[in-house]
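Written out below as structure tokens is the structure these notes cover.
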Amino acid sequence: MLSLIVGGAASGKSAYAEALVRSIEGRRVYVATMEPWDEECRERIARHRAQRAGHGFVTIERYRDLGGLKVPADANVLIDCLGNLIANELYPLDAPSPDATDVAKSVVEGVRTLCASCTHLTLVANEVCAAGTAYEGDTLAYLRAIGHINCAIAAEADFVCEVVAGLPNVLKGKPPTSNA
Amino acid sequence: MMFVTGPAFSGKRTWVRETMGWDAEELAHRAVWDVQELAIDADDLAILADELACRDVVIACELGAGVVPMDADQRAQREAAGRLACLLAERADCVVRICCGLSQVLKGSIS
């Protein structure tokens, strides 16, 4: 089962996704995508860890290459958020930027592989394309990659939901249940 | 006329092609897209909306969801684009919003 949760900044999409994952059976695995490069990142990571504390998540840090991630077969995986992972793939610290189209393909392929190896995969994606396209080339390539990835994942997902002010606006399917 | 809106890179044109069963040539003939870019140069947005409404499908990007731009031209463009979208939605029999390639009907029905 594959669920995609999209929403703008601070739309309540993470809380909605976490509640969704908690309602499904399986070993809860949280895949953290934020690379802790500075104090701000470390503080944000600590805040998110505290939010999840007591909700039975095992946290795995994975900044890129979802396809290579090994999880238990009964894992109920939450990834928050895809935009971070895409940025990590597109802008490596120690290498030149790979082609955005290749990145988009490999991220979608990674999602497929991971989804096939666990019982449920829930992805959180940031809506960043609704403020126009008046950006420089690099940012535009990032937006285009996010757009393509979101469309490709939504086409394959069982459940797609946009979160607005903490409320779900269902775009496809029904929320997964423990019986699914 | 069907008005299709949604974020940039959200799959609007692909959705129109697949839903209408059009190839690229037919899309170019029967639809018009990126109309938000026409808004800034229009003397009269209502006249522009009337002209665009002659097409079967009109597609526009949502521009207005970010911070108000510092740049005056960008501010004016997104104002004009937003107002044009409202005028097109008024004229449309059907309004569809695309998100992640998935559609939601906001007005009328997809025929």
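Residue numbers (this note's numbering), protein chains in the order written: chain A, 458 to 637; chain B, 30 to 140. Even for Gly, the Cβ is constructed at its ideal location relative to N, Cα and C. Predicted model, so just to flag it, every value in this text is computed and none were measured.
Measure the alpha-carbon distance for residue i versus residue j and round it to whole angstroms.
{"i": "B:Met31", "j": "B:Arg120", "result": "9 Å"}
{"i": "A:Pro632", "j": "A:Gly511", "result": "23 Å"}
{"i": "A:Ala587", "j": "B:Cys90", "result": "8 Å"}
{"i": "A:Ala637", "j": "B:Arg107", "result": "In this prediction, A:Ala637 has a pLDDT of 44, which is less than 50 and means its spatial position is unreliable; what the coordinates show is noted afterwards. So the alpha carbons of these two residues sit roughly 44 Å apart."}
{"i": "A:Met458", "j": "B:Ala68", "result": "43 Å"}
{"i": "A:Lys527", "j": "B:Leu77", "result": "55 Å"}
{"i": "B:Val45", "j": "A:Pro553", "result": "36 Å"}
{"i": "B:Thr43", "j": "B:Cys128", "result": "12 Å"}
{"i": "B:Asp72", "j": "B:Ala110", "result": "13 Å"}
{"i": "B:Thr34", "j": "B:Lys41", "result": "7 Å"}
{"i": "A:Arg509", "j": "B:Arg59", "result": "51 Å"}
{"i": "A:Arg479", "j": "A:Ala598", "result": "34 Å"}
{"i": "A:Glu518", "j": "A:Arg506", "result": "12 Å"}
{"i": "B:Gly95", "j": "A:Gly589", "result": "8 Å"}
{"i": "A:Ala591", "j": "B:Val64", "result": "15 Å"}
{"i": "A:Gly465", "j": "A:Asp522", "result": "25 Å"}
{"i": "A:Ala489", "j": "B:Glu55", "result": "45 Å"}
{"i": "A:Ala612", "j": "B:Arg84", "result": "28 Å"}
Checking 8 Å against the spacing of the C-beta atoms, do residue i and residue j come in under that value?
{"i": "A:Val581", "j": "A:Ile536", "result": "yes"}
{"i": "A:Leu644", "j": "A:Thr634", "result": "Lying before the first or after the last residue shown, residue 644 of chain A is absent from chain A, which here runs from 458 to 637."}
{"i": "A:Tyr520", "j": "A:Val620", "result": "no"}
{"i": "B:Leu81", "j": "B:Arg112", "result": "no"}
{"i": "A:Val617", "j": "A:Leu628", "result": "yes"}
{"i": "A:Ala557", "j": "A:Leu547", "result": "yes"}
{"i": "A:Gly469", "j": "A:Ala622", "result": "yes"}
{"i": "B:Gln117", "j": "B:Val86", "result": "The sequence shown places Leu at residue 117 of chain B, not Gln. No, these two residues do not count as a Cβ contact at 8 Å."}
Does residue i come out as helix, strand or coil in the three-state DSSP assignment?
{"i": "A:Ala590", "result": "Ala is not the amino acid found at residue 590 of chain A; the sequence shown has Thr there. A:Thr590 falls in the coil class under three-state DSSP."}
{"i": "B:Asp102", "result": "helix"}
{"i": "A:Ala532", "result": "strand"}
{"i": "B:Cys115", "result": "helix"}
{"i": "A:Ala637", "result": "Note that A:Ala637 has pLDDT 44, beneath the 50 cutoff, so the model's placement of it is unreliable and the number below is only indicative. In this structure, A:Ala637 counts as coil in the three-state DSSP scheme."}
{"i": "A:Cys618", "result": "strand"}
{"i": "A:His512", "result": "coil"}
{"i": "B:Thr34", "result": "strand"}
{"i": "A:Thr674", "result": "An answer regarding residue 674 of chain A cannot be provided, because it is not within the stretch 458 to 637 covered by chain A."}
Between residue i and the rest of its own chain, which residues show a CB-CB distance below 7 Å, the 5 nearest in sequence each way excluded?
{"i": "A:Gly483", "result": "Asp531, Ala532, Asn533, Thr576, His577"}
{"i": "A:Val585", "result": "Gly540, Leu600, Ile603"}
List the residues of chain B that residue i touches, going by C-beta distances under 9 Å, in chain order.
{"i": "A:Ala598", "result": "Those within 9 Å of A:Ala598 in chain B number zero; the least Cβ separation is about 11 Å."}
{"i": "A:Arg601", "result": "Ala37, Phe38"}
{"i": "A:Val463", "result": "Cys128, Cys129"}
Which same chain residues, not among the five before or five after residue i, have their C-beta less than 6 Å away from its C-beta?
{"i": "B:Arg104", "result": "Pro98"}
{"i": "A:Pro549", "result": "none"}
{"i": "A:Asn626", "result": "Glu619"}
Please list, in chain order, all residues of the same chain as residue i whose beta carbon is under 8 Å from its beta carbon, the five residues on each side excluded.
{"i": "B:Ile139", "result": "Met31, Thr48, Cys123, Val125, Ser132"}
{"i": "A:Glu566", "result": "Gly524"}
{"i": "B:Trp51", "result": "Val45, Arg59, Ala60"}
Can you name the residues of chain A whose CB is closer than 7 Å to the CB of residue i?
{"i": "B:Leu92", "result": "Ala588, Gly589"}
{"i": "B:Leu131", "result": "Ala611, Val617, Leu628, Lys629"}
Check whether the Cβ of residue i lies closer than 8 Å to any Cβ atom in chain E.
{"i": "B:Phe32", "result": "In the structure shown, chain E does not exist; the protein chains are A and B."}
Under 8 Å between beta-carbons, which chain A residues line up against residue i? List them in chain order, please.
{"i": "B:Gly95", "result": "Ala587, Ala588, Gly589"}
Determine the chain A residues that contact residue i at a beta-carbon separation under 9 Å, and present them in chain order.
{"i": "B:Arg107", "result": "Ala588, Gly589, Ala591"}
Under 8 Å Cβ-Cβ, which residues of chain B neighbour residue i?
{"i": "A:Asn583", "result": "None at all; the shortest Cβ gap to chain B is about 11 Å."}
{"i": "A:Gly604", "result": "Pro36, Ala37, Phe38, Ser39, Gly40"}
Listing by chain order, which chain B residues have their CB less than 7 Å from the CB of residue i?
{"i": "A:Asn607", "result": "Cys129"}
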